[in-house]
Every structure is written in structure tokens, then in C-alpha cells.
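Notes for the one structure printed next.
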Amino acid sequence: MREQTEWWLQTAQQDLDVARTLIERSYFAAAAFHCQQASEKALKAVFVERGQNERSHSNLELLANLRQQGLAIDDELFHRARKLDRSYIDSRYPNGIGGPPQDFYDQKTAEELLEWAFSVMDFAKSNLS
Numbered sequence: 007m008r009e010q011t012e013w014w015l016q017t018a019q020q021d022l023d024v025a026r027t028l029i030e031r032s033y034f035a036a037a038a039f040h041c042q043q044a045s046e047k048a049l050k051a052v053f054v055e056r057g058q059n060e061r062s063h064s065n066l067e068l069l070a071n072l073r074q075q076g077l078a079i080d081d082e083l084f085h086r087a088r089k090l091d092r093s094y095i096d097s098r099y100p101n102g103i104g105g106p107p108q109d110f111y112d113q114k115t116a117e118e119l120l121e122w123a124f125s126v127m128d129f130a131k132s133n134l135s
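Position in the sequence shown (from 1) plus 6 gives the number in the working numbering.
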């Protein structure tokens, strides 16, 4: 595995750890953002390993690009990516969601996003070997 691929995976793992800590402290909107970031970075690790530089911040676009390259990706992962993508803006900016983000994210939502981010991480790791 390329050294830079490992950097992306380590950074993704740190975002997952931060998200878990934020959920424990009831910072659900902030946790949601880190879930989105973790999944994005995990997917970018796949591109780096393939010698590609992908600049998109959309998990959905990243997965679509990987599918075009021949990777098998089930529709459920696309569904999860779409939900994670919403947190890129909505979890941080009041004008992205129509009010303070902390009013729109709860523990159940944050935990679900964390689970989905882990599933993206698992997908990425399985496509690096």
C-alpha cells in the first residue's frame, strides 16, 4: 500500500474517532460533519492507491467514479453516501439547513451516520487489497 494511502486512511480513522467522542459529548451536528469527512477521506484513499487525484467532496460522486472504473458498489452504499453528503454543509451552517445545525441533529441520527461512515471505511479498505 502506498504511504499516502495510509495517510488518508489514518486521517479518516481519526475523523471516526472524533465523531464517536463528539456523540458521547452530545455534539451531534459536529459529529455528523466528521462522519462525512471520514467517509470522503476513506474513499479518497482508494483513488490515491490507484494513482489518481480526486478532488470531489461528494461521497456520492466519489462512489460513482469508482463504479465507472469497475468497482462493484451496491445501491445501499450509494444511499448512505447521499445521506452523509448532506452533512457536509447542513451540519455546519445555519443557512444550509434552515436554522442552527445543532437543532436538527440528534443522537440517533449521529449514530446512524457514524455506522454509515464505518461502512464506507470498510468498503474502502476492502478495495485496497
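Even glycine gets a Cβ: it sits at the ideal position worked out from N, Cα and C. Owing to the predicted nature of the structure, the values given are computational and were not obtained by experimental measurement.
Short check: CB of residue 123 to CB of residue 77, under 8 Å?
No, they are not a contact pair.
Under 8 Å between the Cβ atoms of residue 134 and residue 51?
Taking C-beta atoms as the reference points, residue 134 and residue 51 count as a pair closer than 8 Å.
Under the assumption that residue 157 contacts residue 126 (Cβ atoms under 8 Å), give the Cβ distance between them as a whole number of angstroms.
Absent from the structure is residue 157, since the part of the chain shown begins at 7 and ends at 135.
Quick one: Cα of residue 111 to Cα of residue 22, how far?
If you take the alpha carbons of residue 111 and residue 22, they lie about 17 Å apart.
Would you say residue 97 and residue 18 are within 8 Å of each other, going by their C-beta atoms?
Taking 8 Å as the cut-off, the beta carbon of residue 97 is found no closer than this to the beta carbon of residue 18.
Could you pull the start and end residues of the alpha helix (DSSP H) that residue 85 belongs to?
Segment 81 to 96, the alpha helix (DSSP H) holding residue 85.
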